[in-house]
Amino acid sequence: MTKDALLALGLLLSPASQLRMAGGAIGPGEICFALWLGLTAIQSLGRSDLPLTPAPMRILSFWLLFAAALSIGALTTYAMGIRNDPAFLKHDIQAYILVAGISFFCALDPAAPRRLNNVAWLLALLGSAFLTLQLAHAWTLLNVPHLDPWYWDRLRGWSENPNQLALLCIGIIFVSFHLAETAVRPGARAVALSCTVLPLVTGLLTRSDSFLLVLAVACPALAVFTIVKWLRSNSPKPGVRWTFAWFCILAVPAVLVLSAPSARIITKNPGSIEQQFAESNRDALQRDAPKRLELWVRALGVGMSSGMLGLGPGPHLDRIKETSVNLKDPGGDVRHPSEDPVPNFETHNTLLDLFTQGGVLAVLGFGWLFISTFLLAARANLASLAALLFGLAVFSTFHFVFRHPLLWFVIATCLVLASAAQRNPAQAGHRS
């Protein structure tokens with residue numbers, strides 16, 4: 183249980199980047215991960231009968247491929263005579279080693295389905311307590327020196343960036359849905375559902391457009407996956423869920439017809455909340471879309487200039503002031519990448535950042551792992567986890583999430599539970 187708690191605390195504390203040592207990449211979350219990796223490695227590598235099941239083999243195959251892609255990219259950088267900042271290079275290498283170890287050892291344990299279920303419960307329960315502390319700090323009910331929970335009018339808690347906190351909230355929400363989905367006892371299901379409330383409130387307070395977009399696409403996806411799961415049930419007699427699933431399918435045309443008048447009413451009412459929300463998002467899109475498009479074009483150019491081999495770990499775009507500086511920034515203490523001759527800016531798009539680092543080999547490798555994991559989760563009827571992967575794919579379009587341990591915990595959990603479901607559906611997860 184101690185190891186499970188260390189992993190859960192690492193997942194919760196690693197986005198709290200304000201808690202890290204000044205100017206460094208080490209904080210409470212990274213320390214928890216290091217302790218968990220050390221204990222797990224000692225226990226796992228000391229066993230001679232440890233089987234390499236499909237889940238850890240798939241993860242290991244990807245990381246070997248990714249390491250080869252980064253090595254080729256680093257050699258390409260050396261051959262082209264391009265300068266890279268050693269600090270960024272070291273940061274990325276350390277981060278990749280960390281998440282590689284987390285994903286591999288999460289899947290290697292023979293009792294992985296049970297242990298990952300324990301970690302998921304701790305993530306949901308401790309996550310609500312952790313967010314409660316950050317909300318209390320934000321509303322001055324708790325005093326934490328040297329930490330600023332607000333980024334202008336956006337809640338960032340103990341993270342440097344509100345989107346880091348938003349990503350954590352997304353993970354807790356859908357992991358809680360998964361626990362409610364797999365729980366047997368009504369009490370456990372109610373507790374799991376209650377763990378979605380604080381992450382939802384906190385995520386909304388971050389005012390992250392990506393958070394809202396993920397909810398807008400992942401929640402309908404969850405509904406679709408759940409309906410498909412009910413239709414696939416092997417019950418000899420049609421039950422309530424099977425009947426309700428067909429009712430939802432047949433009701434779709436009627437809902438679409440009835441929604442048309444509502445849309446007209448909203449567009450004609452200038453004071454409606456819905457229209458104000460649409461207009462604010464339209465303004466944000468008009469303001470940010472050209473900058474993001476410019477970044478994506480420049481990233482493609484950098485990747486193509488390397489012969490699609492990549493340039494190794496680290497950022498490879500030159501900083502553009504307008505890309506990173508908030509219009510409200512008066513030039514105070516908000517930290518931005520420095521303006522120097524060494525490239526130090528990222529695309530904030532996971533696939534494009536991987537393309538600049540590891541070329542087409544890294545992109546194809548990660549695409550293979552992510553898509554195959556999503557398909558396995560969907561086929562294994564892991565509706566909430568499949569929806570979470572779908573949401574993370576959307577989030578990754580606007581942020582570089584590849585280094586986030588939460589992503590790799592979700593991938594490892596999906597692969598482990600899907601493999602368990604293929605061997606024995608009754609052992610697909612530890613029922614609460």
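Under my numbering, the first residue of the sequence shown is numbered 183, with each subsequent residue one higher.
Yeah, the Cβ is synthetic: ideal placement off N, Cα and C, and Gly gets one too.
Straight through space, the alpha carbons of residue 472 and residue 554 are spaced by roughly 32 Å. In the DSSP assignment, residue 332 is bridged to 337. Taking C-alpha positions only, residue 338 is separated from residue 528 by approximately 21 Å. Nearest to residue 273 by C-alpha distance, out of 606, 578, 497 and 595, is 497.
In this structure residue 243 is exposed. Its beta-carbon is surrounded by fewer than 16 other beta-carbon atoms within 10 angstroms. The three-state reading of DSSP puts residue 499 in strand, counting E and B together. Of the residues assessed, residue 225 falls on the exposed side of the cut-off, its CB having fewer than 16 other CB atoms within 10 angstroms. Distance check between residue 585 and each of 602, 530, 596 and 566 places 530 closest, using alpha-carbon atoms only. Within the same chain, no Cβ atom closer than 7 Å to the Cβ of residue 487 is found once the five residues on either side in sequence are excluded. In the same chain as residue 283, and ignoring 5 residues on each side of it, the C-beta atoms closer than 7 Å to its own belong to 219, in chain order. DSSP places residue 401 in the uninterrupted alpha helix (DSSP H) bounded by 391-413. Taken through DSSP and simplified to helix, strand or coil, residue 582 comes out as coil.
For residue 244, the enclosing alpha helix (DSSP H) stretches over residues 236-262.
Judged by beta-carbon spacing, residue 198 lies beyond the 8 Å limit of residue 334, meaning their Cβ atoms are not closer than that value. When the Cα atoms are used, residue 307 and residue 479 turn out to be separated by approximately 42 Å. According to DSSP, residue pairing for residue 527 in a beta bridge involves 499. Residue 348 sits close to residue 393, with the two beta carbons spaced by under 8 Å. When DSSP states are grouped into helix, strand and coil, residue 203 belongs to the coil group.
Annotation for residue 281: 585, 587 and 590 place their beta carbon closer than 7 Å to its own, counting only its chain and skipping 5 residues before and after. The C-alpha of residue 238 is placed about 11 Å away from the C-alpha of residue 232. With a cut-off of 8 Å on Cβ pairs, the stretch 544-564 is in contact with the stretch 596-606, counting three or more such pairs. With a cutoff of 8 Å on beta-carbon distance, residue 304 and residue 187 are scored as near each other. Contact between residue 396 and residue 576 holds: their C-beta atoms lie close to 5 Å from each other, under 8 Å. Nearest C-alpha to residue 547 among 495, 382 and 246: 246. The beta carbons of residue 255 and residue 539 sit closer together than 8 Å. The Cβ atoms of residue 382 and residue 355 lie closer than 8 Å to each other. The DSSP-derived three-state label of residue 342 is coil. Your pair residue 210 and residue 221 does not check out as a contact, with CB atoms roughly 17 Å apart and the cut at 8 Å. Here the alpha carbons of residue 321 and residue 290 stand approximately 42 Å from one another.
The alpha-carbon of residue 364 is positioned some 43 Å away from that of residue 493. The C-alpha of residue 316 is placed about 42 Å away from the C-alpha of residue 491. Just measuring C-alpha positions, the residue of 571, 474 and 240 sitting nearest residue 288 is 240. Closest in C-alpha terms to residue 495, from the list 572, 545, 532 and 266, comes 266.
Nearest in C-alpha terms to residue 251, of all of 595, 536 and 207, is 536.
Taking residue 214 as the centre and dropping the five residues before and after it, the same chain places the C-beta of 188, 191, 192 and 195 closer than 7 Å to its C-beta, in chain order.
Residue range 294-320 is occupied by the alpha helix (DSSP H) that includes residue 300.
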